[in-house]
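These notes are about the structure you will find just below.
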Amino acid sequence: MYKVMAVNAGSSSLKYKLFEMPEEKVICSGLAERIGHEDGIFKIKFNGQEVKEVLPILDHSRAVELTIEALLKYGIVKTLDEIKCLGHRVVQGGKYFSKSADFNQQYTEDKIAELIPLDPLHAPAHLTGFHAFKDALPNCPAIAVFDTAFHQTMEPEDYLFPIPYEMSEKFACRRYGAHGTSHNYLADKAIAEYLGGKKNTRIITCHVGSGASLAAVRDGKCVATSMGLTPLGGVMMGTRSGDIDPSVCNYLVSCTGKTSEEVYDILNKKSGLLGVSGVSNDSRDVEEAANKGDERSIIACKRCARRVADYIGKYSVRRGGAAMLIYSAGIGENSAFLRELILKDVEEALGLDIDYKVNVEKNHQEVVLSTEKSKILVAVIPTDEEVMIARDCVKFLEGTL
Numbered sequence: 009m010y011k012v013m014a015v016n017a018g019s020s021s022l023k024y025k026l027f028e029m030p031e032e033k034v035i036c037s038g039l040a041e042r043i044g045h046e047d048g049i050f051k052i053k054f055n056g057q058e059v060k061e062v063l064p065i066l067d068h069s070r071a072v073e074l075t076i077e078a079l080l081k082y083g084i085v086k087t088l089d090e091i092k093c094l095g096h097r098v099v100q101g102g103k104y105f106s107k108s109a110d111f112n113q114q115y116t117e118d119k120i121a122e123l124i125p126l127d128p129l130h131a132p133a134h135l136t137g138f139h140a141f142k143d144a145l146p147n148c149p150a151i152a153v154f155d156t157a158f159h160q161t162m163e164p165e166d167y168l169f170p171i172p173y174e175m176s177e178k179f180a181c182r183r184y185g186a187h188g189t190s191h192n193y194l195a196d197k198a199i200a201e202y203l204g205g206k207k208n209t210r211i212i213t214c215h216v217g218s219g220a221s222l223a224a225v226r227d228g229k230c231v232a233t234s235m236g237l238t239p240l241g242g243v244m245m246g247t248r249s250g251d252i253d254p255s256v257c258n259y260l261v262s263c264t265g266k267t268s269e270e271v272y273d274i275l276n277k278k279s280g281l282l283g284v285s286g287v288s289n290d291s292r293d294v295e296e297a298a299n300k301g302d303e304r305s306i307i308a309c310k311r312c313a314r315r316v317a318d319y320i321g322k323y324s325v326r327r328g329g330a331a332m333l334i335y336s337a338g339i340g341e342n343s344a345f346l347r348e349l350i351l352k353d354v355e356e357a358l359g360l361d362i363d364y365k366v367n368v369e370k371n372h373q374e375v376v377l378s379t380e381k382s383k384i385l386v387a388v389i390p391t392d393e394e395v396m397i398a399r400d401c402v403k404f405l406e407g408t409l
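Encoded structure:
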């Protein structure tokens, strides 16, 4: 048996789960947020209880110290030697990583640093989190688990952009996708528990949250995904525009006098649900406003649903149909309203028969939404990226990664 920790270091946060493997039992979970502030928040959950503190957390090193102190203070581990491996979530692995890698190798760290221009928000935080844990647990092996790795099975005709080929090659400018760890988990669970094996399985996974992406999966491997060079591409999200006419950026530069960098920032941080609704980047707030009759919020919800529906239709055609359609992540798991909007857009074309009463009554749960009359199985499956990280830790320790 192994105790392994899944770590997700963000720009101002640090999330973690400690597992007992291979049982996949969560021993504890926690979060440090508002890193860099005097009023940082530290939480840890264990044995059915939660401890929360508000205190200065000025950097990631302090967040790691608090985590380790709590593990020992509350007797979650007797010694730090009980932790046999750390698995760090890394958003961008570029073209270099098709699976998880030994983080302690200089090559891994160097390549993540090289890819910072593709992920300036997350990559530096991942490296900071890795070094903070390395300083605190110098003898504990660590691996990097890449969001982009699952999508490395795409063919060139799916990942290349229609730009001059030499630019694609020289600058590694291509579709990388994101949320791969989540899409991988959902596909594996669907194959094992719903479809009875990998052979001839065609699945569309919808990781729909504040950040969102879809993937087309054939026999357990990704063949297409919606996010592009960066997480800005694909469907409409909380603050991100998703796919737009490429000329929009240049047009807005000429109209507003803003720089291309400023417009790019708007597309990343002020568009999507927030930009269209003018209410919030949180789908719950926009949904509430829409249900009260706010016109822009209604449009925002319909636009969000339409973009997801477009990709579902696209991937269904791309793979000659689908055996299963899966909803997951914050919106996919918890918004019966937006799920219904999406399903209504595709049900006739795909031959779906959905129990919309179940969609509402079983919200927030793992549940099958389709009836026996449906041509495609439709289900809500809560994602679990952390357990995928923990599984790769075990593979690394056993030399099978």
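All the letters of the sequence shown, read from the start, carry residue numbers 9 to 409 under the working numbering.
C-beta atoms are modelled at their ideal positions from N, C-alpha and C, and glycine is treated no differently.
Item: Contact belief for residue 293 with residue 287 at Cβ below 8 Å, rounded distance in angstroms; Value: 6 Å
Item: Reduced DSSP secondary structure (H/G/I, E/B, other) of residue 43; Value: coil
Item: Per-residue burial, residue 110 [other beta carbons within 10 Å of its own, 16 or more giving buried]; Value: exposed
Item: Proximity below 8 Å, CB of residue 197 to CB of residue 227; Value: no
Item: Residue 93 burial status per 10 Å Cβ neighbour count (16 or more: buried); Value: buried
Item: Neighbourhood of residue 105 by C-beta, 6 Å cutoff - its chain only, sequence neighbours within 5 removed; Value: 154 and 157
Item: Straight-line Cα distance separating residue 144 from residue 251; Value: 42 Å
Item: Buried or exposed by the 16-neighbour rule on C-beta atoms within 10 Å, applied to residue 262; Value: exposed
Item: Given 8 Å, three or more beta-carbon pairs between the stretch 125–139 and the stretch 95–102; Value: yes
Item: Helix, strand or coil at residue 107 [DSSP, three-state]; Value: coil
Item: Host beta strand (DSSP E) of residue 24 (start-end); Value: 21–29
Item: Nearest-angstrom Cα separation, counted from residue 290 out to residue 388; Value: 20 Å
Item: Residue 153 - DSSP class collapsed to helix/strand/coil; Value: strand
Item: Stretch-stretch touch, CB-based, cutoff 8 Å, three pairs: the stretch 119–132 with the stretch 199–214; Value: no
Item: Supposed close pair residue 324, residue 358 - CB separation, criterion 8 Å; Value: 6 Å
Item: Entirely enclosed alpha helix (DSSP H) segments - the stretch 315–377, minimum 4 residues; Value: 337–342, 344–358 and 364–369
Item: Secondary structure of residue 169, DSSP reduced to three states; Value: coil
Item: Assigned secondary structure, residue 37 (DSSP; H/G/I helix, E/B strand, else coil); Value: strand
Item: For residue 34 and residue 56, the rounded distance between their alpha carbons; Value: 11 Å
Item: Own chain, CB closer than 6 Å to residue 336, minus 5 neighbours either side, in chain order; Value: 194, 215, 389 and 391
Item: Contact set for residue 159: own chain, Cβ-Cβ below 6 Å, skip 5 residues either direction; Value: 185, 188, 230 and 233
Item: Exposed unless 16 or more other CB atoms sit within 10 angstroms - verdict on residue 60; Value: exposed
Item: Closest by C-alpha distance to residue 306, when choosing among 281, 409 and 327; Value: 281
Item: Residues that DSSP places opposite residue 224 in a beta bridge; Value: 212 and 232
Item: The stretch 73–82 touching the stretch 39–53, judged by at least three CB pairs closer than 8 Å; Value: yes
Item: Check whether residue 203 and residue 213 have beta carbons under 8 Å apart; Value: no
Item: Contact set for residue 36: own chain, Cβ-Cβ below 7 Å, skip 5 residues either direction; Value: 26, 52, 53, 54 and 84
Item: For residue 93, the residue or residues it bridges with in DSSP; Value: 12
Item: Cross-strand partners of residue 182 (DSSP beta bridge); Value: 168
Item: Rounded C-alpha distance that separates residue 379 from residue 91; Value: 45 Å
Item: Contact under 8 Å by Cβ, residue 296 with residue 309; Value: no
Item: Residue from 333, 243 and 317 with nearest C-alpha to residue 377; Value: 333
Item: Residue 200, enclosing beta strand (DSSP E) - first and last residue; Value: Element bounds for residue 200: n/a, residue is neither H nor E.
Item: CA-to-CA distance, residue 398 to residue 14, given in whole angstroms; Value: 6 Å
Item: Alpha helix (DSSP H) segment containing residue 132, residue limits; Value: 131–144
Item: Contact check, residue 355 vs residue 362, beta carbons under 8 Å; Value: yes
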